[in-house]
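Colleague: Chains as they are written, first to last, in the UniProt record's numbering: chain W, 1 to 455; chain B, 1 to 455.
Ideal placement from N, C-alpha and C gives every residue a C-beta, glycine not left out.
Protein chains: 2
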Amino acid sequence: MKEALLSIIKDENRIITGPIDPQYLSDNLGRKKGTAEAVVFPVSTEEISGVMRYAWKNNLPVTPRGAGMNLVGSTVPSGHGIVLDVSLMNHVLELDEETFTATVEPGVVLEDFQAYVESKGLFYPPDPGEKKATIGGNISTNAGGMRAVKYGVTRDYVMGLELVLADGTVVMAGSKNRKDTSGLDLKEIVIGSEGTLAVITKCILKLIPKPEDSLSVLLSFDSLKAGIESVRQIIQANLNPTAMEFIERKVIQLGEDYLKMSFPEPEASAYVLTTLDGSRNEINDHLEGLRKVAKESGALSILPLEDKEEAARVWKIRGMLVKGVEAVSEQEPLDIVVPINQIDAFVNFVNAFEKECGMRMISFGHAGDGNVHLCVVRGDRDDETWEKELDANLTVLYDKAYALGGLASGEHGIGLSKQKYLLKASKPENIALMKRVKAAFDEKNILNAGISYNV
Amino acid sequence: MKEALLSIIKDENRIITGPIDPQYLSDNLGRKKGTAEAVVFPVSTEEISGVMRYAWKNNLPVTPRGAGMNLVGSTVPSGHGIVLDVSLMNHVLELDEETFTATVEPGVVLEDFQAYVESKGLFYPPDPGEKKATIGGNISTNAGGMRAVKYGVTRDYVMGLELVLADGTVVMAGSKNRKDTSGLDLKEIVIGSEGTLAVITKCILKLIPKPEDSLSVLLSFDSLKAGIESVRQIIQANLNPTAMEFIERKVIQLGEDYLKMSFPEPEASAYVLTTLDGSRNEINDHLEGLRKVAKESGALSILPLEDKEEAARVWKIRGMLVKGVEAVSEQEPLDIVVPINQIDAFVNFVNAFEKECGMRMISFGHAGDGNVHLCVVRGDRDDETWEKELDANLTVLYDKAYALGGLASGEHGIGLSKQKYLLKASKPENIALMKRVKAAFDEKNILNAGISYNV
């Protein structure tokens, strides 16, 4: 294989065969370990096309990866195949200020890209928690994040994708045009497909002007139910916040302990942490609206975090919740999504189930879009007990989510980790149709062959 | 066939066999005429599934239609098949104010739906010109319209679709969840697929709260170029208008003559007609921003249309441009889209080409998203001359659009009318992939079999 790859990637420093560093055989959690014969680091569409032609001809599995920040085993290879690492393809190819678009390679890191466009007075709204993920990875999971409630998810900012199909064919799907009803919109089915349909080699992204200012506002409540009800009122009042996070007091303590920082309003039971953005006038206008909602919804307090340092501290505690959990124990990170009126019912169920099953569960998340982040905590269980109890408890949690009209994943994807639960909850006709679409792109099933609807 | 259909649709008043009214064999223009053996008017998913199972078994072409308002021959049947008219499925099944969603049947008429949700303090932003089209039709063409610049297109408001596949299988794709990375997002490839992949039988739509107020503002310029440049500045200044329409003075005259109404600022060469919406404070804030842009971009004038009657009159003239053209002559309506910085180049090309080829061409459209509506006017040409010259001229126009990075259709779809031009401009690998995706949904190619990428 080495010689064949060397005839395509003409630089032996960009090919690994023989012993492979485990980081290329796993995801960001590192629990699942896969196998591969080679890792390649292409620098162009042509090289990727060459690798795919070779793999296609020889029926070799190919697993694309960017920074490998995923949490669900979507970059865990299997068999004697090739790991296709696009992290060297990390260039912004064009910033077109006349059409408000950027054309980038898939390996561009999200936080680098955000900083770059903001330095030009522009803004790329998708903002998932993991800033070191790549744009290609974000597109492959249709990454969401905190700003989704106002600005939408990654899908809403993808205007075009250059794709290399499993057989090496290069297809440009989409363009710099803001409307498109010119045949099937092929890029739309690739977004969120977790590397199973094609390798993304170029991305045309939509940008917007950078908002003038922003202000975070913390609302405190005596129950999560009251907090969630206020979210509906905030939406109805057209206050259009950038973020609306719900956090229970018992969860905040974890972040406080981890960071040795204190969160405001410690006597509350639950918080809704929002951000307003826009011109100063708009922010003031919407802050007034928030005060009205706070009053009507019986909030204990409303605290505009005008001090930027205090705002940063509050968001840091929110941002570090997962790390706070992980400082204590291994955990399984879930990203269940439910309709926005079912958040309270779901979190209450989790709280009751936690007591019943004896496994610690920490939930918080994006109240504006029903996306509940749930850390299921291992504690001091041995391997076998953890695996067995975790599976049993996840089955209960996913069953409940689906019973409430929810889904297994709002933004992490399905990967290997949630395959079983997705398949259990999905109708056979949906899975059959997904398989046929997969075959339309990759008849030999060589791209990320182990994933979910593929099997 | 009648007996078989009667065993599925148990009401002979909802089946036509024998002589078929030509309206069911054409589109809204009525120029292309198709053939069919029967028209059915199902009232349920079950009936549609039954009709599809019958058609699948007997290899009969099926052409779905709603109100038949399309302009591109996407409801023109062929062969001895079935026209499947969903216009009786016109019920709003649920308005869920807690999740800000509505679940509707595909035959619900857009203007009825808009009025209904607005009466509840909610808002459905997609607003294509043709208000008598159905929601199912809007989804099938991913309809855009004037508000797309701020609110996006139909795709952005489709959360879930119940589909009947060509073989009669019922698939629910999507849900009331606001984020979804749970397997391939099947609904996304169906949106804009012009009835070729599946029959839409139920639609879960996203709603937003109704904006408090709106204000239209007319900017006048001494050239189209200056007007288009102001559009970029309006976007960059984050003024977020709902609509941004460009119209040349020579085009406005048509509407004035047709309606016997006068448009303001008659000495200008070009206009940008915008609407601001939101709270009164937001509108005032953005109006101030517009004044600044108007000054910087050398606008001749800026006219806030505070008088609702005057605003209505101005929009009526804009809305009646196509009718104004049609009062004089038959015309071919195009909806070419180009990147937003190419509008001026494209319209200038059209103006020069009009003189060169001697066929009248009227262009106006959505400046915020590059969607140029172009009426190509027949005049007194006889059938043969019109057909020949139109084809030659369309070839030139589409070639130019593609050369500028544009596309054949921004919102009308491809249908039968633009098939030739789409195929000419598309790479064979894109068309091949579209055909494979089509086959994944409809291996026998019975659904809207004549359309574009199908053939």
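If we define contact as Cβ-Cβ less than 9 angstroms, is Gln236(W) a contact residue for chain B?
Modeller: yes
Colleague: Are Gly74(B) and Gly319(B) touching if we call contact CB-CB under 9 angstroms?
Modeller: For the sequence presented, residue 74(B) should be read as Ser rather than Gly. Not closer than 9 angstroms, so no.
Colleague: Specify the secondary structure class of Ile414(W) as computed by DSSP and reduced to three states.
Modeller: Three-state DSSP puts Ile414(W) in coil, outside helix and strand.
Colleague: Based on Cα-Cα distance, which residue from Phe441(W), Val272(W), Val350(W), Pro22(W) lies nearest to Ser223(W)?
Modeller: Comparing Cα positions, the closest option is Val272(W).
Colleague: Quick check: the Cα distance between Ile446(B) and Leu215(W), rounded to an integer number of angstroms?
Modeller: 55 angstroms
Colleague: Is it buried or exposed for Ile191(W), if we count other Cβ within 10 angstroms and need 16 for buried?
Modeller: So Ile191(W) ends up on the buried side.
Colleague: If Gly406(W) and Ile336(W) are in contact, beta carbons under 8 angstroms, what's the gap, nearest whole angstrom?
Modeller: 6 angstroms
Colleague: CB-CB under 6 angstroms to Ala294(W), same chain, minus the five flanking residues each way: which ones, in chain order?
Modeller: Leu219, Ile302
Colleague: Between Lys355(W) and chain B, is the shortest Cβ-Cβ distance under 9 angstroms, so that the two count as touching?
Modeller: no
Colleague: Using a cut-off of 8 angstroms between C-beta atoms, extract the partners of Glu118(B) located in chain W.
Modeller: Result: empty, since nearest Cβ-Cβ is about 14 angstroms, beyond 8 angstroms.
Colleague: Starting from the C-beta of Val455(W), find all residues in its chain whose C-beta is less than 6 angstroms away, skip the five residues before and the five after it, and write them out in chain order.
Modeller: For Val455(W), the predicted structure reports a pLDDT of 49, less than 50, and the residue's modelled location is therefore unreliable. A value from the coordinates is still provided. So the list is empty, once near-sequence residues are dropped.
Colleague: Looking at chain W, which residues of the segment 76 to 94 of chain B have a Cβ within less than 9 angstroms of any of its Cβ atoms?
Modeller: none
Colleague: At a CB-CB cut-off below 7 angstroms, which residues of chain B make contact with Ile340(W)?
Modeller: Thr99, Arg178
Colleague: Apply the 10 Å Cβ neighbour rule to Thr141(B) and answer buried if 16 or more other Cβ atoms are within range, or exposed otherwise.
Modeller: buried
Colleague: Does the beta-carbon of Ser262(W) have 16 or more other beta-carbons within 10 angstroms, so that it is buried, or is it exposed?
Modeller: exposed
Colleague: Evaluate His91(B) with the Cβ neighbour count: other Cβ atoms within 10 Å of its Cβ, from every protein chain shown; 16 or more gives buried, anything less gives exposed.
Modeller: exposed
Colleague: Go to His366(W), then tell me how far its beta strand (DSSP E) extends in each direction, as first and last residue.
Modeller: From DSSP, the beta strand (DSSP E) with His366(W) extends over 361 to 366.
Colleague: Relative to the C-alpha of Ser193(W), which residue among Glu411(W), Lys424(W), Lys444(W) is closest?
Modeller: Nearest option by C-alpha distance: Glu411(W).
Colleague: In chain W, which residues lie less than 7 angstroms from Ser409(B) when you measure between Cβ atoms?
Modeller: Chain-order list of chain W residues neighbouring Ser409(B): Thr181, Ser182, by C-beta distance under 7 angstroms.
Colleague: Does DSSP put Glu306(W) in a helix, a strand or coil?
Modeller: Coil, per DSSP.
Colleague: May I have the straight-line CA-CA distance separating Pro126(B) from Ala243(B), to the nearest angstrom?
Modeller: 12 angstroms
Colleague: Based on the DSSP output, what are the partners of Cys375(B) in its beta bridges?
Modeller: Pro333(B), Ile362(B)
Colleague: Can you find a CB in chain B that lies within less than 9 angstroms of the CB of Asp19(W)?
Modeller: It should be noted that the sequence gives Pro, not Asp, for residue 19(W). Put simply, the CB of Pro19(W) is far from chain B, with every gap to its CB atoms at 9 angstroms or more.
Colleague: State yes or no: is the beta carbon of Arg155(B) nearer than 9 angstroms to at least one beta carbon in chain W?
Modeller: For Arg155(B), a Cβ of chain W is located within less than 9 angstroms of the residue's own Cβ.
Colleague: Taking CB distances under 9 angstroms as the criterion, tell me whether Phe346(W) reaches chain B.
Modeller: no
Colleague: With distance defined between alpha-carbon atoms, name the residue in Ile283(B), Val217(B), Lys225(B) nearest to Gly312(B).
Modeller: The sequence given here places Ala at residue 312(B); Gly does not occur at that position. The option with the nearest alpha carbon to Ala312(B) is Val217(B).
Colleague: With a 10 Å radius around its C-beta and 16 neighbouring C-beta atoms as the bar for buried, classify Ser363(B) as buried or exposed.
Modeller: Result: buried.
Colleague: Please list the partners that Asp369(W) has in chain B, where partner means a Cβ-to-Cβ separation under 9 angstroms.
Modeller: Asn177, Arg178, Lys179
Colleague: Who are the near neighbours of Arg155(B) in its chain, counting only those whose CB is closer than 6 angstroms to its CB and skipping five residues on each side?
Modeller: When the five nearest sequence neighbours on each side are left out, the beta carbons in the same chain lying within less than 6 angstroms of the beta carbon of Arg155(B) are those of Asn142, Ile191, in order along the chain.
Colleague: I'd like to know if Met172(B) contacts chain W, where contact means its C-beta is closer than 9 angstroms to some C-beta of that chain.
Modeller: Judged by the 9 angstroms Cβ criterion, Met172(B) is in contact with chain W.
Colleague: What do you reckon, are the CB atoms on Leu25(W) and Val76(W) nearer than 9 angstroms?
Modeller: yes
Colleague: Let me check understanding here. Comparing Cα to Cα, which of Thr201(B), Gly30(B), Glu265(B), Ser297(B) lies closest to Asn70(B)?
Modeller: Gly30(B)
Colleague: Just verifying my parser: in three-state terms, what is the DSSP assignment at Tyr124(B)?
Modeller: coil
Colleague: How would you list, in chain order, the residues of chain W whose beta-carbon sits under 8 angstroms from the beta-carbon of Asn430(B)?
Modeller: Val171, Met172, Ala173, Gly183, Leu186
Colleague: Could you check if Ser119(B) is buried or exposed, using at least 16 other CB atoms within 10 Å of its CB as the buried criterion?
Modeller: exposed
Colleague: What residues in its chain sit with their C-beta under 7 angstroms from that of Pro61(W), if we drop five residues either side in the sequence?
Modeller: Pro77, Ser78, Gly79, Gly81, Ile446, Ala449
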